[in-house]
């Protein structure tokens, strides 16, 4: 009876676990007589409550390989540290040529992952997370790198204990609560300091230091502005000096003193004015 009950319990546990087959590959083994082909399966088993395991099964038939992988995954299930529906901090892990980065996300983000990374995260029970897979895209290596990254997670209390800080400062920002200000009674000594101060009226000395506002100038009507513009233009015309007329060469020579009156200066002879072609034609 005891064996039957234990067997039923194990079967019930199997029904509760989330089992996923992420890879089925045909492999070959070289022997003396040739090659022997078989199938390799990668199975992920989790309870959606923080426990997950990865198993590998190999057999000549696919069903037998899946059964072996499922049993191996159940035996290798490990607990994972979670914070609500996400992980407590960012982590990067490498397995073979695969590199996986996991980053916590706020509620409502969802599982931003694909392939074997998504299968492992959903089997653990994570609902909000950001991930990035780099390097090799081999399903087995990526799944093992994801599991290794999850095993590296530590709770906020453990990290705070290691750093000697308050555990409240190590939680994600969306879980932090604002500290409420204490309400003091009116009779308390610090109550007056906490009350907002009313703005005081400036005294005479303070009013004297304040800058004085300029008096507003009256707005002149449009006709007055036009009259002022006309007066300014007239005044500018009166202030302008008349242009000096240009004297011809003959008049300028007549005004100059004779050469005999000025010693050491030769007399100036002006060339005769050139006649235009029209005048020459008229004279002819």
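Numbering (the numbering used here), first residue to last: 34 to 317.
Ideal placement from N, C-alpha and C gives every residue a C-beta, glycine not left out.
Keep in mind it's a predicted model, so treat the numbers as computed, not measured.
Item, Value
"Host beta strand (DSSP E) of residue 52 (start-end)", "51-64"
"Minimum length 4: unbroken alpha helix (DSSP H) runs contained in the region 72-115", "95-108"
"Beta carbon of residue 162 nearer than 8 Å to that of residue 137", "yes"
"Exposure label - residue 143; buried when at least 16 CB within 10 Å", "exposed"
"For residue 186, three-class secondary structure by DSSP", "coil"
"Spatially closest choice to residue 60 from 49, 209, 92 and 167, by CA coordinates", "92"
"Helix, strand or coil at residue 136 [DSSP, three-state]", "strand"
"Separation of residue 185 from residue 75, as counted between CA atoms", "22 Å"
"Contact belief for residue 72 with residue 94 at Cβ below 8 Å, rounded distance in angstroms", "7 Å"
"Residue range of the unbroken beta strand (DSSP E) whose run includes residue 146", "No beta strand (DSSP E) holds residue 146; DSSP gives it neither H nor E."
"Under the three-state DSSP convention, the category residue 127 falls into", "strand"
"Start and end residues, beta strand (DSSP E) containing residue 208", "Looking at the DSSP string, residue 208 is not in any beta strand (DSSP E), and its letter there is neither H nor E."
"Inter-residue Cα distance where the pair is residue 265 and residue 283", "42 Å"
"DSSP three-state assignment for residue 69, whether helix, strand or coil", "strand"
"Residue 165, DSSP secondary structure in three states", "strand"
"Pairwise C-alpha distance: residue 85 and residue 51", "9 Å"
"Residue 158 to residue 176 span [Cα, whole Å]", "15 Å"
"Environment of residue 195 [buried if 16+ CB atoms lie within 10 Å]", "exposed"
"Contacts around residue 167, its chain only, beta-carbon distance under 7 Å, and the 5 residues preceding and following it disregarded", "132"
"Reduced DSSP secondary structure (H/G/I, E/B, other) of residue 37", "helix"
"Cβ-Cβ separation, residue 116 to residue 189 (assumed contact under 8 Å), whole Å", "7 Å"
"For residue 317, the three-state DSSP class (helix, strand or coil)", "With a pLDDT of 49 at residue 317, under the threshold of 50, the predicted position of this residue should be treated as unreliable, though the coordinate-derived value follows. In this structure, residue 317 counts as coil in the three-state DSSP scheme."
"Residue 90 classed as buried or exposed, judged by whether at least 16 other C-beta atoms fall within 10 angstroms", "buried"
"Other residues of its chain near residue 200: CB distance less than 7 Å, five sequence neighbours each side excluded", "189, 190 and 193"
"Which listed residue (153, 267 and 139) has its alpha carbon closest to that of residue 208", "139"
"Distance, residue 165 Cα to residue 126 Cα", "11 Å"
"Sequence-distant residues of its chain with Cβ nearer than 6 Å to residue 182 (five each side left out)", "124, 126, 133 and 135"
"Which listed residue (37, 62 and 154) has its alpha carbon closest to that of residue 79", "154"
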